[in-house]
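Note sheet for the following structure.
In UniProt numbering, the protein residues as written are 1 to 259.
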């Protein structure tokens, strides 16, 4: 896998496809080969995972030619660096609501291994990189993506400033938390929710950045937002797909057995 393969596909205007994996067994990774995924979303915000397991998962995916994208537990540059050290190529930062949060995370994702006062000076504009340092950092961080989770009403209010940050590559919409923040919990067909998603997708694409939304229901919802401009498909997760398939199959068996 080329280190910048996912980023290059996005820059080329391609739709990219992924899913979320909760289980960390290599057997689960092998099971997704037929889906021809571009990336896999590994969540460490809501899913318990230690650093060793995360690293093994990232390395296994990279060996398969699939880009590992990791959501860190909170928007913390040090946690972002840890995930990159583990083998992540993309960092998803949860519940972003300000441009300042994005700027700090960009320091970790785009300027690693710089830290401390030197990094602060670069991010604030008090210092400019030399050509040599720019080449080094661009090579060191080649292919790294910074993705902000936009999942609240304040985030939408501040979206223009968030999208203006040059280190941000894209946005993942968090439908569950967004619906709760909007006061319409889990009402994914509510006009307020649909209007909010449409606003996010339109603004992100107009800013020249990339946008995805994770839905665990049928593919028709993904297709709906693709028509509006969504270009990163994050379809469901292993636990939900297994649960739905199991429930449907057992129900069909029961119905057939009582006839």
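The beta carbon of each residue, even a glycine, is placed where N, CA and C say it ideally should be. On a predicted model such as this, the values are computed, not experimentally measured, just so you know.
Endpoints, beta strand (DSSP E) assigned at residue i
{"i": "residue 185", "result": "Segment: none, residue 185 is in no beta strand (DSSP E) and carries neither H nor E."}
{"i": "residue 68", "result": "67 to 71"}
{"i": "residue 236", "result": "232 to 237"}
{"i": "residue 210", "result": "210 to 215"}
{"i": "residue 42", "result": "39 to 43"}
{"i": "residue 93", "result": "90 to 93"}
Endpoints, alpha helix (DSSP H) assigned at residue i
{"i": "residue 149", "result": "Note, residue 149: premise wrong, no alpha helix (DSSP H); beta strand (DSSP E) at 145 to 150."}
{"i": "residue 221", "result": "219 to 228"}
{"i": "residue 21", "result": "Not the alpha helix (DSSP H): residue 21 falls in the beta strand (DSSP E), residues 16 to 21."}
{"i": "residue 30", "result": "26 to 31"}
{"i": "residue 60", "result": "51 to 63"}
{"i": "residue 123", "result": "116 to 124"}
{"i": "residue 192", "result": "191 to 206"}
{"i": "residue 7", "result": "5 to 11"}
{"i": "residue 178", "result": "175 to 181"}
{"i": "residue 261", "result": "Any answer about residue 261 is impossible in this case: the structure gives the chain only from 1 up to 259."}
{"i": "residue 86", "result": "77 to 86"}
{"i": "residue 100", "result": "99 to 110"}
{"i": "residue 139", "result": "131 to 140"}
Residue nearest to residue i in terms of C-alpha spacing, selected from the options
{"i": "residue 35", "options": "12, 17 and 110", "result": "17"}
{"i": "residue 71", "options": "64, 63 and 58", "result": "58"}
{"i": "residue 154", "options": "178, 139 and 128", "result": "178"}
{"i": "residue 75", "options": "140, 255, 129 and 95", "result": "95"}
{"i": "residue 133", "options": "144, 126, 113 and 117", "result": "113"}
{"i": "residue 215", "options": "205, 207 and 189", "result": "189"}
{"i": "residue 65", "options": "159, 90, 117 and 37", "result": "37"}
{"i": "residue 9", "options": "67, 49 and 26", "result": "67"}
{"i": "residue 167", "options": "191, 131 and 207", "result": "207"}
{"i": "residue 217", "options": "227, 225, 210 and 236", "result": "236"}
{"i": "residue 91", "options": "219, 170, 63 and 191", "result": "170"}
{"i": "residue 63", "options": "227, 119 and 26", "result": "26"}
{"i": "residue 2", "options": "139, 251, 211 and 83", "result": "139"}
CB-CB length for residue i against residue j, believed under 8 Å
{"i": "residue 45", "j": "residue 73", "result": "5 Å"}
{"i": "residue 173", "j": "residue 213", "result": "4 Å"}
{"i": "residue 4", "j": "residue 142", "result": "5 Å"}
{"i": "residue 86", "j": "residue 54", "result": "5 Å"}
{"i": "residue 110", "j": "residue 144", "result": "7 Å"}
{"i": "residue 39", "j": "residue 84", "result": "So it is not a contact: roughly 15 Å between Cβ atoms."}
Contacting residues, own chain, Cβ-Cβ under 7 Å from residue i (five flanking each side not counted)
{"i": "residue 108", "result": "77, 80 and 81"}
{"i": "residue 23", "result": "238"}
{"i": "residue 185", "result": "179"}
{"i": "residue 196", "result": "156, 178 and 182"}
Same chain, Cβ closer than 6 Å to residue i, five either side skipped, listed in chain order
{"i": "residue 29", "result": "60"}
{"i": "residue 181", "result": "152 and 153"}
{"i": "residue 123", "result": "103 and 107"}
Beta-carbon proximity list for residue i, same chain, < 8 Å, skipping 5 on both sides
{"i": "residue 121", "result": "127"}
Is there contact here, the stretch 95 to 112 with the stretch 143 to 156, by at least three beta-carbon pairs under 8 Å? yes
Any contact between the stretch 197 to 207 and the stretch 236 to 243? By contact I mean 3 or more CB pairs, one from each, below 8 Å. no
Taking three-plus beta-carbon pairs below 8 Å as touching, is the stretch 222 to 239 in contact with the stretch 7 to 26? yes
Quick check: the stretch 174 to 190 against the stretch 150 to 160, are at least 3 beta-carbon pairs closer than 8 Å? yes
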